[in-house]
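Q: Quick one: structure below, then a few questions.
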Amino acid sequence: MPSSKDIKKQIGSIENTKKITSAMEMVAASKMRKAEARMHAARPYADKMRQVIGHVGRAHPEYTHSFMEGRETKNAGIIIITSDRGLCGGLNTNVMRAAINLMEDLQNQEIGYRAAALGKKSLPVLNRIGADIMAERSDLGDAPEVTDIAGAVRVVMDAFTAGELDRVYLVYNHFVNTMTQSVQTEQILPITDVADPDELHWDYIYEPEPQAVIDGLMERYVESLVFHGIVENIASEQAARMVAMKSATDNAEDLIEDLKLSYNKARQAAITAELAEITSGAAALEG
Numbered sequence: 004m005p006s007s008k009d010i011k012k013q014i015g016s017i018e019n020t021k022k023i024t025s026a027m028e029m030v031a032a033s034k035m036r037k038a039e040a041r042m043h044a045a046r047p048y049a050d051k052m053r054q055v056i057g058h059v060g061r062a063h064p065e066y067t068h069s070f071m072e073g074r075e076t077k078n079a080g081i082i083i084i085t086s087d088r089g090l091c092g093g094l095n096t097n098v099m100r101a102a103i104n105l106m107e108d109l110q111n112q113e114i115g116y117r118a119a120a121l122g123k124k125s126l127p128v129l130n131r132i133g134a135d136i137m138a139e140r141s142d143l144g145d146a147p148e149v150t151d152i153a154g155a156v157r158v159v160m161d162a163f164t165a166g167e168l169d170r171v172y173l174v175y176n177h178f179v180n181t182m183t184q185s186v187q188t189e190q191i192l193p194i195t196d197v198a199d200p201d202e203l204h205w206d207y208i209y210e211p212e213p214q215a216v217i218d219g220l221m222e223r224y225v226e227s228l229v230f231h232g233i234v235e236n237i238a239s240e241q242a243a244r245m246v247a248m249k250s251a252t253d254n255a256e257d258l259i260e261d262l263k264l265s266y267n268k269a270r271q272a273a274i275t276a277e278l279a280e281i282t283s284g285a286a287a288l289e290g
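Here it is, written out as structure tokens:
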């Protein structure tokens with residue numbers, strides 16, 4: 004059994020760790036509320052963009068953008084969104100597992116793939132499996148802007164336009180609530196029919212020309228989808244970190260209680276041994 008001195012040292016070390024995890028839990032809770040507010044603010048824009056794109060797709064204007072044209076799939080792009088930091092439970096592991104499953108499905112269909120990594124935590128896994136990383140962006144912070152990811156998204160869009168990619172997927176964590184985050188795998192290119200079949204649809208009057216308007220609209224649409232995934236993933240990250248740090252703090256409390264019990268037993272054993280020695284010494288002197 005460890006000595007009471009060693010146990011006391013362990014208790015002090017765990018109490019220091021508990022203070023750190025408790026502080027991290029409070030910071031994550033504060034950041035989660037802000038991230039959730041940004042996420043809810045971004046959702047109406049993403050929903051409206053889907054509605055507009057659905058109308059454009061149903062209207063069949065004179066000009067059809069390449070993003071809306073299906074083609075035989077030989078190569079696919081996968082945009083993977085993870086966090087830049089760890090200590091958020093299995094959040095990043097779940098995303099990478101979904102991405103790897105998608106890669107395996109593509110390989111089984113004899114479809115090549117290239118990856119775009121948004122967030123540091125995907126890079127070690129992608130490098131380990133030898134994936135072709137076509138774009139990378141990290142250090143986005145807790146409140147990124149669309150311009151922060153525009154470069155990486157542009158690389159993917161240009162590759163699709165040039166025919167280097169025939170399909171593009173987005174893999175990220177969707178924020179359901181504080182306790183639940185679900186991994187989403189969505190095909191974002193080519194754009195399929197995103198309109199509600201029961202919803203009324205109409206064409207637009209284009210100014211200056213359909214091509215100029217639709218080109219810009221399609222690019223903003225893809226950027227909005229990826230940015231919405233980023234915002235959802237940040238909210239999921241903070242929620243997962245808060246829960247993970249709460250669990251770590253609770254585990255530290257349980258461990259401290261167990262160690263205190265062991266410390267008391269060790270002290271009691273030491274006192275009993277000392278009393279036994281004193282009694283034995285006194286009996287020897289009397290004898």
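Residue numbers (this note's numbering): 4 to 290. Ideal Cβ placement from N, Cα and C applies to all residues, glycine included.
To the nearest angstrom, report how far apart V55 and E18 are at their CA atoms.
A: Counting from 1 along the sequence shown, the entry for residue 55 is found at position 52. Counting from 1 along the sequence shown, the entry for residue 18 is found at position 15. Rounded to the nearest angstrom, the two C-alpha atoms are 55 Å apart.
Q: Excluding the 5 residues flanking L129 on each side, which residues of the same chain have their C-beta closer than 8 Å to its C-beta?
A: Position 126 of the sequence shown, counted from the start, is the residue given in the question as residue 129. Same-chain partners within the cutoff: I83, A118, A120 and I136.
Q: Checking 8 Å against the spacing of the C-beta atoms, do D169 and T76 come in under that value?
A: One-based indexing of the sequence shown puts residue 169 at position 166. One-based indexing of the sequence shown puts residue 76 at position 73. It is a contact, given that the beta carbons lie within the stated cut-off.
Q: Would you mind reading off the limits of the alpha helix (DSSP H) that contains M311?
A: Outside the displayed span of the chain (4 to 290) sits residue 311, for which this structure offers no information.
Q: Helix, strand or coil: which one does DSSP assign to Y116?
A: Walking along the sequence shown from the start, residue 116 turns up at place 113. Here Y116 sits in strand by DSSP.
Q: In chain order, which beta strand (DSSP E) runs of at least 3 residues are fully inside the region 144-204?
A: Taking only runs of at least 3 residues, the beta strand (DSSP E) segments lying wholly in the region 144-204 are 170-180 and 183-192.
Q: Does E39 pass the burial test, meaning 16 or more other C-beta atoms within 10 Å, or should it be called exposed?
A: Residue 39 sits at position 36 when you count from the first residue of the sequence shown. By the neighbour-count rule (16 or more Cβ atoms within 10 Å), E39 is buried.
Q: Can you list, in chain order, the residues of its chain whose CB lies under 7 Å from that of Y66, leaving out five sequence neighbours each side?
A: Taking the first residue of the sequence shown as position 1, residue 66 is located at position 63. Cβ within range, chain order: P213, Q214 and I217.
Q: Can you list, in chain order, the residues of its chain with a C-beta nearer than 7 Å to that of A31? Leave out the 5 residues immediately preceding and following it.
A: Here the question's residue 31 lines up with position 28 in the sequence shown. Answer for A31: Q241, R244, M245 and M248, listed in chain order.
Q: Where does the unbroken alpha helix (DSSP H) through R131 begin, and where does it stop?
A: For the purposes of this step, residue 131 is taken as residue 128 along the sequence shown, with counting starting at 1. Unbroken alpha helix (DSSP H) run through R131: L126 to R131.
Q: Pull up the distance between the alpha-carbon of A79 and that of P211, whole angstroms please.
A: What you label residue 79 is simply residue 76 of the sequence shown in a count that begins at 1. What you label residue 211 is simply residue 208 of the sequence shown in a count that begins at 1. Their Cα atoms are separated by approximately 33 Å.
Q: Is the number of C-beta pairs between the region 169-188 and the region 99-119 that are closer than 8 Å three or more?
A: Touching, yes, given that three or more Cβ pairs across the two stretches are closer than 8 Å.
Q: How would you write the range of the beta strand (DSSP E) that E139 sits in, first residue to last?
A: Here residue 139 corresponds to residue number 136 of the sequence shown, with the count starting at 1. Run containing E139: I136 to R140, per the beta strand (DSSP E) assignment.
Q: Near I233, what residues of its chain come up, given a Cβ to Cβ distance below 8 Å and the 5 sequence neighbours on each side ignored?
A: Sequence index remark: in the sequence shown, residue 233 carries index 230 (1-based). Once the five neighbours on either side are set aside, the close Cβ partners of I233 are I84, L121, L143, P147, I152 and Y175.
Q: Compare the C-alpha of Y172 against each of D108, S141 and A165 and name the closest.
A: As a first step, residue 172 is located in the sequence shown; it is residue number 169 there, counting from the start. It is D108 whose Cα lies nearest to the Cα of Y172.
Q: Hey, quick one: how far does the beta strand (DSSP E) through G80 stretch, first residue to last?
A: In the sequence shown, the residue the question calls residue 80 occupies position 77. Note, G80: beta strand (DSSP E), N78 to I84.
Q: Determine the burial state of V159: buried for a count of at least 16 other Cβ atoms within 10 Å of its Cβ, exposed for fewer.
A: Start at 1 with the first residue of the sequence shown, and residue 159 comes out as number 156. It is buried - the Cβ of V159 has at least 16 other Cβ atoms within 10 Å.
Q: If we call anything under 8 Å between Cβ atoms a contact, is A276 one with S6?
A: Residue numbering aside, residue 276 sits at position 273 when the sequence shown is read from its first letter. Residue numbering aside, residue 6 sits at position 3 when the sequence shown is read from its first letter. Cβ atoms of A276 and S6: not closer than 8 Å.
Q: Have a look at G73 and N104 and give me their C-alpha separation to the nearest angstrom.
A: The residue labelled residue 73 in the question sits at position 70 within the sequence shown. The residue labelled residue 104 in the question sits at position 101 within the sequence shown. Their backbone Cα atoms lie some 23 Å apart in a straight line.
Q: Measuring alpha carbon to alpha carbon, tell me which of A155, P47, S250 and N111 ends up nearest K21.
A: Within the sequence shown, residue 21 is the residue found at index 18, counting from 1. Residue S250 is the option with its Cα nearest to K21.
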